[in-house]
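*Asks:*
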Amino acid sequence: MGIGDFEASTKGSLLVAVPLLDEPNFHRTVIYMIEHTGDGALGLVINRPTDEDELPGLDSWMDEVSQPRVVFDGGPVQSNTLIGIAVVDTAEDSDAFVHIDDGLGTVDLGQLPSEIAEGLTELRLFRGYAGWGPGQLEGELGEGAWLVLDAEHDDIFSPHPHALWRNILRRSGGRKALLADAPDDLSWN
Numbered sequence: 243m244g245i246g247d248f249e250a251s252t253k254g255s256l257l258v259a260v261p262l263l264d265e266p267n268f269h270r271t272v273i274y275m276i277e278h279t280g281d282g283a284l285g286l287v288i289n290r291p292t293d294e295d296e297l298p299g300l301d302s303w304m305d306e307v308s309q310p311r312v313v314f315d316g317g318p319v320q321s322n323t324l325i326g327i328a329v330v331d332t333a334e335d336s337d338a339f340v341h342i343d344d345g346l347g348t349v350d351l352g353q354l355p356s357e358i359a360e361g362l363t364e365l366r367l368f369r370g371y372a373g374w375g376p377g378q379l380e381g382e383l384g385e386g387a388w389l390v391l392d393a394e395h396d397d398i399f400s401p402h403p404h405a406l407w408r409n410i411l412r413r414s415g416g417r418k419a420l421l422a423d424a425p426d427d428l429s430w431n
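Quick note on numbering: the sequence shown equals residues 243 to 431 in our numbering.
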């Protein structure tokens, strides 16, 4: 596959950074992919909680946030942008809720949570996102910078986000699971 070619979408999957990925923005990150087309890709880092536990004007949303009840660093692109991901029981696509996968979707933070849908069961808020232009992610995948693994809703809303990178690698089994034990500094190996 050439860098400009587009073969398969990673939408709804996890990108797990390999230990050799030394880009500081993505070192040991787990990214949930929201979109991936031939025009580019967008995902959210799900294992980097911040200390930010208040959002003026969005108090009603902060009241709904899953544990830990903080905003997450979603990635290095547009850090002034807030993105909400939620699980709802009875939502249909609308301007306020857009499905990604099986009850999971993005929410319009300009609305009140009660206006989105009945049965909001999980919510995570992200500041910024990870984004790739056309062919960029495919190039990184071809270089082996990321593992594409199956996502579970519990990954996105884990109450222990700092442990996600290792836990997801371990559950993947086989040789990939061995990466979970790589030291933080590979020169220690």
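Note that the Cβ used here is the ideal one computed from N, Cα and C, for glycine as well.
1. Quick check on Leu-262: does DSSP put it in helix, strand or coil?
2. Measure the alpha-carbon distance for Gly-299 versus Pro-310 and round it to whole angstroms.
3. Whole-angstrom Cβ separation of Ala-328 and Val-349, contact assumed at under 8 Å?
4. Measuring alpha carbon to alpha carbon, tell me which of Ala-250, Gly-285, Val-330 ends up nearest Glu-357.
5. Measure the alpha-carbon distance for Met-304 versus Val-312 and round it to whole angstroms.
6. Among Asp-281, Thr-292, Gly-326, whose alpha-carbon lies nearest the alpha-carbon of Leu-354?
7. Looking at the unbroken beta strand (DSSP E) that takes in Ser-321, where does it start and where does it end?
8. Pick out whichever of Arg-369, Leu-284, His-395, Ser-414 has its Cα sitting closest to the Cα of Glu-296.
9. Distance check for Ala-393 and Asp-344, CA to CA, integer angstroms please.
10. Given a cut-off of 7 Å, decide if Arg-412 and Ala-419 are closer than it, judged by their beta-carbon atoms.
11. Determine the direct distance from the alpha carbon of Thr-363 to that of Phe-314, and round the result to whole angstroms.
12. Cα-Cα, which of Ser-302, Val-272, Pro-401 is closest to Val-258?
13. Cutting at 6 Å between CB atoms, please list the residues of its own chain near Pro-403, excluding the five before and the five after it.
*Replies:* Taking the structure as given:
1. In the structure shown, Leu-262 sits in coil (DSSP, three-state: anything other than H, G, I, E or B).
2. Distance between the alpha carbons of Gly-299 and Pro-310: 20 Å.
3. Confirmed, about 5 Å.
4. Nearest Cα to Glu-357 within the set Ala-250, Gly-285, Val-330: Val-330.
5. Take the alpha-carbon of Met-304 and the one of Val-312: they are about 8 Å apart.
6. Of the candidates Asp-281, Thr-292, Gly-326, the one whose C-alpha sits nearest the C-alpha of Leu-354 is Gly-326.
7. Where Ser-321 is concerned, the enclosing beta strand (DSSP E) stretches over 319-330.
8. The option with the nearest alpha carbon to Glu-296 is Arg-369.
9. Approximately 12 Å, taken between the alpha carbons.
10. Result yes, Cβ atoms of Ala-419 and Arg-412 sit closer than 7 Å.
11. Just so you know, the alpha carbons of Phe-314 and Thr-363 end up roughly 18 Å apart.
12. Comparing Cα-Cα distances from Val-258 to each of Ser-302, Val-272, Pro-401, the minimum goes to Val-272.
13. Annotation for Pro-403: Asn-289, Pro-291 place their beta carbon closer than 6 Å to its own, counting only its chain and skipping 5 residues before and after.
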